[in-house]
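**Q** Using numbering that gives the first Met the number 0, the letters of the sequence shown correspond one by one to residues 0 to 392.
Don't be surprised by glycine CBs; every beta carbon is placed ideally from N, CA and C.
What you are looking at is a predicted structure, and each value in this text was computed from that prediction instead of being measured.
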Amino acid sequence: MPMYDLIIKGGTVIDPSQGINKVSDVAVSDGKIARIAASISVQEARRTVEVKGKIVTPGLIDLHTHVYHGVNANGVSADVGGVHAGVTTMVDAGSSGCDNYGGFPQHIIPNNKTEIVPFLHICRTGLNTTPDIFSRESIDLDRTIKTVVESNGVIRGIKARMVSPALEIFGMEMPRLAKRAAREAGVKLMVHIGDTEKRYDANVIRQLLPIMDEGDIITHLFTANPGGILDSRGKLVPEAKEANERGVWLDTAHGRGNFAFDVGAKVLDQGLVPHCISTDLTLPGRQRTVHSMTEMLTRFLALGFNLEQVIAMSTINPAKALGMEDRIGSLRTGCQADISVLDVKDGDWIVYDVIQGARKTDKAVVPVLTVKKGEVFEVGWGPRPWGWEPDQA
Ligand SMILES: [Zn+2]
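1. What is the DSSP secondary structure of H191, reduced to helix, strand or coil?
2. Let me have the residue list for ligand 1: C-beta closer than 5 Å to any non-hydrogen atom, ordered along the chain.
3. Is P273 buried or exposed, if buried means 16 or more other CB atoms sit within 10 Å of its CB?
4. Relative to the C-alpha of S150, which residue among M295, I108, K178 is closest?
5. Starting from E377 and walking both ways along the beta strand (DSSP E), at which residues does that stretch end?
6. Going by Cα to Cα distance, which pick from E183, T288, R331, A264 is closest to R383?
7. I think Q17 touches L341, with their Cβ atoms under 8 Å apart; what is that distance to the nearest whole Å?
8. Less than 7 Å between the C-beta atoms of V70 and A77, yes or no?
9. If we require 3 or more residues per run, which beta strand (DSSP E) segments fall completely within the stretch 71-97?
10. From I154 to F304, what does the alpha carbon distance come to, in whole angstroms?
11. Inspect the beta-carbon positions of A264 and D352 and report whether they are closer than 7 Å.
12. Does any heavy atom of ligand 2 sit closer than 6 Å to the C-beta of L62?
13. Assuming I6 and V50 form a contact by the criterion Cβ under 8 Å, report the distance between their Cβ atoms to the nearest whole angstrom.
14. My understanding is that N224 touches G193, with C-beta atoms under 8 Å, so please give their C-beta distance in whole angstroms.
15. Give me the residue from W385, V364, I338 with the minimum Cα distance to V82.
16. Helix, strand or coil: how does DSSP classify P283 here?
17. Nearest-angstrom Cα distance between I13 and G156?
18. Could you have a look at N110 and say whether DSSP puts it in helix, strand or coil?
19. Do you know offhand how far V86's Cα is from T56's?
20. Tell me, please, whether the stretch 203-217 touches the stretch 239-254 by the rule of three or more beta-carbon pairs shorter than 8 Å.
21. Are K344 and A392 close, meaning C-beta to C-beta below 7 Å?
22. Extract the residue ranges of the beta strand (DSSP E) inside the stretch 127-186, only unbroken runs of 3 or more that lie entirely within it.
23. Would you report the Cα separation of I228 and T64, rounded to the nearest angstrom?
24. What did DSSP end up calling G18 once you bin it into helix, strand or coil?
25. Starting from R298, follow the alpha helix (DSSP H) in both directions and report where the run begins and ends.
26. Drop a sphere of 10 angstroms on the beta-carbon of Q335, count the other beta-carbons inside from all chains shown, and report buried for 16 or more, exposed for fewer.
27. With a 10 Å radius around its C-beta and 16 neighbouring C-beta atoms as the bar for buried, classify P174 as buried or exposed.
28. Pick from T332, M323, D139: whose alpha carbon is nearest that of G152?
29. Note down the Cα distance separating E238 from G125, rounded to an integer number of angstroms.
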């Protein structure tokens, strides 16, 4: 009788959570990681998938996406950007609020194989309207807290967006209400920085960062919009390093309007390093700017990070930011069998940010195969006419 359900055989296993980077086989049974070893006999498994020459990592975790497909105008179908794109877990970053969260447990979560971790928007209607917050009535603190508590652990965070007109209506009361909701409900706080309307005082970041505590998450770290972490002279605001030292998680969510290579280079030059890479995936973002989680990894290779670093930033780091590192983000024995098989393709690639800044790179990460809770998924064709690779330089 075979001992294992599945062996992923012959790939180079890179698991930063355990400091592993070597050719190994990974065995899975009962939806969990059973063993990693130099060679595990194919006789011992019901199914073996050969992945020689490929990279095997813990399942990629995308810390910022929008998957309220069929409800929000821009929501993408989770599995398209998830298990069919090399990603096993996606955080929905506030697509819904207390008025319209009900569709997640009813329609979205049970109809996708990708694990979805919803964060609830402090705006009661989530991202159903543009703008999201448009009056004092847009926030209902009590019902927001109640919705999180009654989700029984499904909702793991509160999301707030430092944008106009929310800031014009509420000022700093808005992120403070979000923080209060998060604390009272006992979940994470994620705050979007960068005013996409480009109207509000850029110095708002200096008031926001001091209210972020250890374990809270800043998203869009490399935004070029007002309210980012660089001042008008391109210097890091002092509160940014202080927040980092306090243990605030720094996420880079790309999206359609909040990622610039030049901002990233200046932030990195001044010694601040983000912890997490994410997409802010939406339907139009997938087509036009983001394309895929694996392309985000490519963009960070283009910024000078190495492969182990970008894998840590998309596996164990977001798992820890979510407080889920006991179950996901690692190939430790006993962890959920979430595995991404990736290919790193040599070539002359060029990648673009949201303001047409470009970087060249000779390595492009593309997805090959995904395992979620022990089940194997093929990847889709990819977001571009030719598949997953970026543009050729
Ligand atoms: Zn977003």
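**A** On the basis of the supplied data:
1. Strand, per DSSP.
2. A92, D279
3. buried
4. I108
5. DSSP places E377 inside the beta strand (DSSP E), whose first and last residues are 374-377.
6. T288
7. Not quite, the Cβ-Cβ distance comes to about 18 Å (not below 8 Å), so this is no contact.
8. For the 7 Å CB-CB criterion, V70 and A77 do not form a contact.
9. 86-95
10. Each residue's Cα considered, the two are about 32 Å apart.
11. no
12. Ligands in the displayed structure: ligand 1; ligand 2 is not one of them.
13. With a Cβ gap of about 10 Å, I6 and V50 do not count as contacting.
14. Going by Cβ atoms, the distance from N224 to G193 rounds to 4 Å, so yes, they are a contact pair.
15. I338
16. helix
17. So the alpha carbons of these two residues sit roughly 29 Å apart.
18. helix
19. 11 Å
20. yes
21. no
22. 156-160
23. 22 Å
24. coil
25. 292-301
26. buried
27. Note on P174: 16 or more other CB atoms within 10 angstroms of its CB, so buried under the neighbour-count rule.
28. Of all alpha-carbon atoms in T332, M323, D139, the one lying nearest the alpha-carbon of G152 is that of M323.
29. 28 Å
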